[in-house]
Amino acid sequence: MDEMNEQPVSRSVSVDIYDQVYRLRGVDPEHIEQLASIVDAKMRAVSSHGSTVDSLRVAVLAALNIADELVEMRRLHAELLGSLDRTQSSVRSRAGSLNGLLDEVLLERIAG
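Read left to right, the sequence shown gives residues 55 to 166 (the working numbering).
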């Protein structure tokens, strides 16, 4: 079989989220465990700040917190990309100026 056509093998992993065991499948069990750990931690943080024991409410509030973090990360990412673009433009401009100065110096040496 051609290696380019091979599909990643999906594997099963058990994770514990807020005292519930879930059996999930994915190509990277460690990644799934990491995600489950984040969700579990968020749910526990939400439940520790309130009196609610309704796991659905805790899950929704945890999801909102995670979504808020995602939106903030996207904003920061866009800001960093803009900063990178400005820096690259500045570097290109300065490199162009330096090339122009080098050309002038070389022409003076050749002419002189």
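Note that beta-carbon positions come from the ideal geometry of N, C-alpha and C, so glycine has one too.
If you reduce the DSSP assignment to three classes, tell me which class Asp94 lands in. helix
By how many angstroms is the C-alpha of Asp108 removed from the C-alpha of Val69? 20 angstroms
Got a sec: does the ligand GDP put a non-hydrogen atom nearer than 7 angstroms to the Cβ of Glu123? In terms of ligand content, the structure shown is empty, and the ligand GDP therefore cannot be addressed.
Ordered along the chain, which non-local residues of its own chain (more than five positions away) have a Cβ less than 6 angstroms from that of Val93? Ile71
Spatial neighbours of Ala90 within its chain, please: CB distance less than 8 angstroms, with the 5 preceding and 5 following residues excluded, ordered by chain position. Val69, Asp70, Ile71, Tyr76, Leu78
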